[in-house]
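Colleague:
Number of protein chains: 2
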Amino acid sequence: MRLADSFRSERFGAVRIHELQRVIELDSGMSAGAGSRIVAPDELHAVESQMVIVVPCMNEARGVIEGVLSGIPHDCLIVLVSNSDRAPVDRYEIEAQTVEQFCRLAGRSAITVHQRDPGVAGAFKAAGMSELIDDGGLVRSGKGEAMLIGMALAAMTGRRHLGYVDADNYVPGSVHEYCKVYAAGLHLADSPYAMVRISWHSKPKLRDGRLFFSRRGRSSEITNEWLNRFLAEYSGFGTEVIATGNAGEHAMTLDLGLKLRLAGGFAVEPYEYLDLFEQFGGVLESTSADVMANSVPVLQIETRNPHFHDNKGEEHVQGMRMQALNVLYHSPVTLPSVRQAIVDFMVEQGALGIGQEPPKERLYPPVGTLDLDLLYDALDAEALSFRQPDGRVAAGLSAAPPIDRAAIPRRVA
Amino acid sequence: MRLADSFRSERFGAVRIHELQRVIELDSGMSAGAGSRIVAPDELHAVESQMVIVVPCMNEARGVIEGVLSGIPHDCLIVLVSNSDRAPVDRYEIEAQTVEQFCRLAGRSAITVHQRDPGVAGAFKAAGMSELIDDGGLVRSGKGEAMLIGMALAAMTGRRHLGYVDADNYVPGSVHEYCKVYAAGLHLADSPYAMVRISWHSKPKLRDGRLFFSRRGRSSEITNEWLNRFLAEYSGFGTEVIATGNAGEHAMTLDLGLKLRLAGGFAVEPYEYLDLFEQFGGVLESTSADVMANSVPVLQIETRNPHFHDNKGEEHVQGMRMQALNVLYHSPVTLPSVRQAIVDFMVEQGALGIGQEPPKERLYPPVGTLDLDLLYDALDAEALSFRQPDGRVAAGLSAAPPIDRAAIPRRVA
Chain A
33 MRLADSFRSE RFGAVRIHEL QRVIELDSGM SAGAGSRIVA PDELHAVESQ
83 MVIVVPCMNE ARGVIEGVLS GIPHDCLIVL VSNSDRAPVD RYEIEAQTVE
133 QFCRLAGRSA ITVHQRDPGV AGAFKAAGMS ELIDDGGLVR SGKGEAMLIG
183 MALAAMTGRR HLGYVDADNY VPGSVHEYCK VYAAGLHLAD SPYAMVRISW
233 HSKPKLRDGR LFFSRRGRSS EITNEWLNRF LAEYSGFGTE VIATGNAGEH
283 AMTLDLGLKL RLAGGFAVEP YEYLDLFEQF GGVLESTSAD VMANSVPVLQ
333 IETRNPHFHD NKGEEHVQGM RMQALNVLYH SPVTLPSVRQ AIVDFMVEQG
383 ALGIGQEPPK ERLYPPVGTL DLDLLYDALD AEALSFRQPD GRVAAGLSAA
433 PPIDRAAIPR RVA
Chain B
33 MRLADSFRSE RFGAVRIHEL QRVIELDSGM SAGAGSRIVA PDELHAVESQ
83 MVIVVPCMNE ARGVIEGVLS GIPHDCLIVL VSNSDRAPVD RYEIEAQTVE
133 QFCRLAGRSA ITVHQRDPGV AGAFKAAGMS ELIDDGGLVR SGKGEAMLIG
183 MALAAMTGRR HLGYVDADNY VPGSVHEYCK VYAAGLHLAD SPYAMVRISW
233 HSKPKLRDGR LFFSRRGRSS EITNEWLNRF LAEYSGFGTE VIATGNAGEH
283 AMTLDLGLKL RLAGGFAVEP YEYLDLFEQF GGVLESTSAD VMANSVPVLQ
333 IETRNPHFHD NKGEEHVQGM RMQALNVLYH SPVTLPSVRQ AIVDFMVEQG
383 ALGIGQEPPK ERLYPPVGTL DLDLLYDALD AEALSFRQPD GRVAAGLSAA
433 PPIDRAAIPR RVA
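Shown next, in the form of structure tokens:
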């Protein structure tokens, strides 16, 4: 893979946000050259073999899921976290079968689990995160919660990297590119605490009966604008460096991931930026001297493929937009002038009554605070949806279950 | 890349048509396994470094062309054959600049040429193919003619493989998959005379204001049906083996390509099948004892990515469909009962008057009959649109023009 060089970055404490870099070639062969950065196949492979790809999934068609799986490089471990309907048809069973069959064909292993399995709720409670559980005794339904479950499973495998890929993607080649970009970015970042966030090239939309390739998402524009305003208010210099505030497709080192506090629902992606600023921005006191001594590079990479997925409608987008502003408003590192401007904007948008305060989004403790041994034992004993399909034996290889109970890493946070 | 195994094939003389195989994984890592065929990265690379990718191009947007180029693996050589408008805006100049700029960024070289350049017509005339020239003294405008020019340029480079990728493709990841499939198929075919034809997974279409993923193209269904009927009439067994009659995306060894007679316009793709049957089917006498002693495997591979391109409209499709039937009707190896059925079908479709005969499509002599030294010298001297942009120097590498005048292979047919 060949990326354009990134020459500029903005610092905020230990966090170094690199300006958007473009993908020049999906496959750069064995070549070298000036003016761009090449990540060679063996370098990509080294990261992929340490990477878990978490696929949050909600009621996607079997064929779409199959396509997504086919795009994930062989050496990445697939973790599917489903929040699909279980009645009248048990869609999770269909998904789990799809993953199992794919693993058999491809000679690989995977993990699948259902977010609303009572055994999953019990396990997270036992492991020390009762915040995740709703009044009905199940893990809450949001996307952030699915990502948190996926991160905990990833941590148990002992692998070093974690990437997210949404299941509602019609283009397997774009999934493939996302994973290669994660590997290339994490290789180039060369830090134990690094994040790679994707900005898709374009998003095909129906407009007046024909396709239009929109460059920016409706919600991303606003999220990015306000995150940049947050930075500018500190530096005194206007900036457009943040282009990936809502990036659903992103990856990070698990060393970083396990320290992050994830937000619930669709606040999760923009809040990752805020948590980086809160924990490693140097404004508040940091609990992680080792991170502050290193730095936290955030690479932003524009893919070549369009992001081509199902249209979730206007309500979904408005919700995402406001959740981003809610976390920005409530962050202790956001300066008062920005907070006031957010309220004015939300009132103007009709999203907030005059005199009201933006609602608080749910924030969870770092996954690194979980007792992973307890989590595994409880999942194994109680969570009926927890599966580790292993297609390696069917392919004539020796079995290698993704999680080795005896080798689950100790808690790190 | 991991492909499903192909267990069945149909023979027609030396031609062995393999049933459609699916892509299971875009990237199969370094693994092995039963029940499927893996082509390892170094095996893909070995084919790619001997492959020319010809991109026929007609009035595509700069951004779309850039995307297509970014998906072609670095070690393949790009040849762009344009038939774009040159006035009021010279679109070919924009395309040539796009290729040149991409080569500079990616440190690679390429060839570009315009189909309707008078110097190109002169060169093909000098090299021995005046059949290609129309009454205005220029190379005819069809797609088959663009592919023929591309094949001749590919032959001059001395590389061993040739693949075609249409320029009107919105998904760089699918271009990437096509090229990997070509490499995997040619590797597995393991014959000096082999062809790989792609059946795309699906084609997104607008229907009632939403997207529908159609599995089969309108014109492909009819072309395939009649090609299969052609085979069945010989064998006495109905078959559905041919699934790629209209495949625009296909690749072959140049040893095979240089022997083929290409048809003009949109008849080119289905006629490749017929020419294989005519030359190597054992019905007519073959002029190629070496091919008959080998065999000609035709691999058909279903990609994972949807084929997502501009809608060219109903007229284009009807034209393609009838051109396929025209060549089938006029082939000396088509049995009389099939010829009669074609006429009946065309009359029923309103494409032919009662008592009329289907028109003949234009067929060209094999590219292997051209004098490539003369062709090169004439292009170099007279064809103003003939360029060999070399971005290797800009990238700090030593220059390596794609065509080495002193090393142009001798004519083979």
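Sequences listed follow chains A and B, in order.
Here the first sequence is numbered in the numbering used here, starting from 33 and rising by one per residue.
Here the second sequence is numbered in the numbering used here, starting from 33 and rising by one per residue.
No residue lacks a Cβ here, since even glycine has one placed at the ideal position from N, Cα and C.
Opposite residue 171 of chain B in the DSSP bridges: which residues?
Modeller: B:165
Colleague: Would you call the region 377-391 of chain B and the region 118-129 of chain B touching, i.e. three or more CB-CB distances under 8 Å?
Modeller: Using a C-beta cut-off of 8 Å, the region 377-391 of chain B makes no contact with the region 118-129 of chain B, since fewer than three inter-stretch Cβ pairs fall below that distance.
Colleague: Would you list the residues sitting across from residue 295 of chain A in a DSSP beta bridge?
Modeller: A:395
Colleague: Buried or exposed: where does residue 290 of chain B fall if 16 or more other Cβ atoms within 10 Å of its Cβ makes it buried?
Modeller: buried
Colleague: So is residue 71 of chain B in contact with chain A if we call contact Cβ pairs under 9 Å?
Modeller: no
Colleague: Which two residues bound the contiguous alpha helix (DSSP H) that contains residue 123 of chain B?
Modeller: Its alpha helix (DSSP H) spans residues 123-138.
Colleague: Could you round the C-beta distance between residue 226 of chain B and residue 328 of chain B to whole angstroms and report it? I think they count as a contact, below 8 Å.
Modeller: 7 Å
Colleague: Name, going along the chain, the residues of the region 196-211 of chain B whose beta-carbon falls closer than 7 Å to a beta-carbon of chain A.
Modeller: 202, 203, 204, 205, 206, 208, 209
Colleague: With DSSP collapsed to three states, give me the class of residue 196 of chain A.
Modeller: strand
Colleague: Anyone know if the C-beta pair for residue 53 of chain A and residue 72 of chain A falls short of 9 Å?
Modeller: Cβ distance not < 9 Å, so residue 53 of chain A and residue 72 of chain A don't count as in contact.
Colleague: Apart from the five residues just before and just after residue 51 of chain A, which ones in its own chain have a Cβ nearer than 6 Å to its Cβ?
Modeller: Once the five neighbours on either side are set aside, the close Cβ partners of residue 51 of chain A are 38, 40, 273.
Colleague: For a test of the three-state rule: what should DSSP assign to residue 53 of chain B, helix, strand or coil?
Modeller: strand
Colleague: Buried or exposed for residue 416 of chain A, going by 16 or more other Cβ atoms inside 10 Å?
Modeller: exposed
Colleague: For residue 130 of chain A, count neighbouring Cβ atoms within 10 angstroms of its own Cβ and tell me buried if that reaches 16, exposed if not.
Modeller: buried
Colleague: Can you tell me which residues form a DSSP beta bridge with residue 457 of chain B?
Modeller: Look at the range of chain B in this structure, 33 to 445, and you will see that residue 457 of chain B is not part of it.
Colleague: Quick check: is the beta carbon of residue 337 of chain A nearer than 9 Å to any beta carbon in chain B?
Modeller: yes
Colleague: Alpha carbon to alpha carbon, how far is residue 442 of chain A from residue 311 of chain A? Give it in angstroms, no decimals.
Modeller: Taking the straight line from one Cα to the other gives about 22 Å.
Colleague: Run through DSSP, which three-state label would residue 283 of chain B get?
Modeller: If DSSP states are grouped into helix, strand and coil, residue 283 of chain B belongs with the strands.
Colleague: Which same chain residues, not among the five before or five after residue 393 of chain B, have their C-beta less than 8 Å away from its C-beta?
Modeller: Once the five neighbours on either side are set aside, the close Cβ partners of residue 393 of chain B are 295, 296, 297, 299, 303, 355, 358, 359, 362.
Colleague: If distances are taken between C-alpha atoms only, which option among A:275, A:89, A:438, A:259 comes closest to residue 247 of chain A?
Modeller: A:275
Colleague: What is the DSSP secondary structure of residue 71 of chain B, reduced to helix, strand or coil?
Modeller: Note: residue 71 of chain B maps to coil in three-state DSSP.
Colleague: Would residue 70 of chain B be called buried (16 or more neighbouring beta carbons within 10 Å of its own) or exposed?
Modeller: buried
Colleague: Does the beta-carbon distance from residue 410 of chain B to residue 155 of chain B come in below 9 Å?
Modeller: Contact flag set, yes.
Colleague: Please report the distance separating the alpha-carbon of residue 86 of chain A from that of residue 397 of chain B.
Modeller: Using only the alpha carbons, I get a separation of about 54 Å.
Colleague: Is the Cβ of residue 433 of chain A closer than 9 Å to any Cβ of chain B?
Modeller: Residue 433 of chain A does not count as touching chain B.
Colleague: Using C-beta distances below 6 Å, list every residue in its chain close to residue 229 of chain B, excluding the 5 sequence neighbours before and after it, in chain order.
Modeller: 276, 279, 282, 332
Colleague: Would you grab the beta carbon distance between residue 144 of chain B and residue 114 of chain B for me? Rounded to a whole angstrom, and I think it's under 8 Å.
Modeller: 7 Å
Colleague: Is the Cβ-Cβ distance between residue 423 of chain A and residue 138 of chain A less than 9 Å?
Modeller: yes
Colleague: For residue 200 of chain A, which residues in the same chain have their Cβ closer than 6 Å to its Cβ, ignoring the five residues on either side in sequence?
Modeller: 92, 341, 342
Colleague: What residues in its chain sit with their C-beta under 7 Å from that of residue 176 of chain A, if we drop five residues either side in the sequence?
Modeller: Hits under 7 Å: 294, 295, 296, 297, 299, 300.
Colleague: Is residue 422 of chain A close to chain B, meaning its C-beta is less than 9 Å from at least one C-beta of that chain?
Modeller: Output row for residue 422 of chain A: interface = no.
Colleague: Using the three-state DSSP reduction, which class does residue 42 of chain B fall into: helix, strand or coil?
Modeller: Here residue 42 of chain B carries a strand assignment [DSSP, helix/strand/coil].
Colleague: Thinking C-alpha only, which one of A:192, A:81, A:75, A:260 is nearest residue 106 of chain A?
Modeller: A:81
Colleague: Rounded to the nearest angstrom, what separates residue 236 of chain B and residue 128 of chain B at their Cα positions?
Modeller: Distance between the alpha carbons of residue 236 of chain B and residue 128 of chain B: 30 Å.
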